[in-house]
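What the sequence shown shows, in mature numbering (1 follows the signal peptide of the UniProt record, and there is no 0), is residues -22 to -1, 1 to 266, in sequence order.
All residues carry an ideal CB built from backbone N, CA and C; glycine is no exception.
None of these values were measured; they are calculated from a predicted model.
Below: one structure, written as structure tokens.
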Amino acid sequence: LSSASFSLFALLLSLFPDTSRRQNELSSENRLLLFLIKLKHNVPFSCLGILFSVHRTTAARMFRATLEILCARTRDWIWWPRRGAVQATMPPSFKVHYPLCRVIIDCTEMRVEMPPSVEKQNLWYSQYKGYYTVKYLIGVAPSGLVTFLSDGFGGRTTDTAITIESGFLNKLQPDDVVLADKGFPGIVTGVGAKKATLVMPPFASGVQFTEVEVDSTYETASVRIHVERVIQRVKIYTITQRVSHHLIPRSMHALRNECYVAHACHSFYRKALNRNSEAVHLHNCAQY
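Printed below as a string of structure tokens:
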């Protein structure tokens, strides 16, 4: 029902505070299960209320409370690893063509209900999608681990604007290589200012690609698939397919938790490791 393994469920459960349970209140196990089912299937709160024998408003309140708890306890689960850790866990396909790749970036959108105000309707309407969305920038290490997640922006916001305003460029160091698709030409200057390099597929200029350009396109596409796979794993959680307007302020928390569950990054590995063994942990997280 929740797509969470027993070990991941136990890990998330351990993050709940030790508080006495009120009479007729759901146990921590059931609250977590309710939360994960809502993430995975976006079941209406009225159905969850029937399933867990509580009122629908109680189910909604427990979902939001669990979301806040997990978000507060897992804020540092998406972190920017050191360059040495990234290179130590780099797959062979990257080492051949992009040995200095630090991150692959792309934007993804969550569909939302029509917001109540005209101002937000104008900001959140995505011309590309044809409906209202909240948009995020996701950065993925070559190993497949999510290392950057921006705040949410209205669907009208361009990929370039999100990349600049999210603070992503401040993460870059000299000689870093960033892989992106054709939607990011506006960040070339910003990446260059950090003495880093932006790699994108070549643009069609009305003439046939040269053999070198064709090879470059295939090379970039073959490694950029990593970020697309991560986004696809996140989107199996159907709550991302349509977010109700009253949950929009919490959509960022929901997306973060979906990234955690999708990767099952076990924090107990991190507790046992120091920063000198960060590469080992990065490898462990990428395996789930």
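Item	Value
Spatial neighbours of Lys173 in its chain, beta-carbon cut-off 6 Å, leaving aside the 5 residues before and after	Pro152
Beta-carbon proximity of Lys18 to Ser(-18), cut-off 7 Å	no
Alpha helix (DSSP H) segment containing Thr167, residue limits	Val166 to Ala171
The stretch 38 to 54 in contact with the stretch 71 to 82 per 3-pair CB rule at 8 Å	no
When Ser144, Met178, Ala43 and Tyr103 are compared against Phe126, the one with the closest alpha-carbon	Ser144
Sufficient close CB pairs (3 or more, under 8 Å) joining the stretch 50 to 67 to the stretch 15 to 35	no
Strand pairing of Asp84, partner residues [DSSP]	Ile116
Arg42 to Asp129 span [Cα, whole Å]	18 Å
For residue 269, the first and last residue of its enclosing beta strand (DSSP E)	What the structure shows of the chain is the stretch from -22 to 266, and residue 269 is not part of that stretch, so it cannot be assessed.
Separation of Phe146 from Gly164, as counted between CA atoms	14 Å
Reduced DSSP secondary structure (H/G/I, E/B, other) of Arg134	coil
DSSP three-state assignment for Thr(-4), whether helix, strand or coil	coil
Three-way DSSP call (helix, strand, coil) for Arg60 in this model	coil
Distance between Pro120 and Met92 (C-alpha atoms, nearest Å)	36 Å
Cβ-based burial, Tyr114 [other Cβ within 10 Å; buried from 16]	buried
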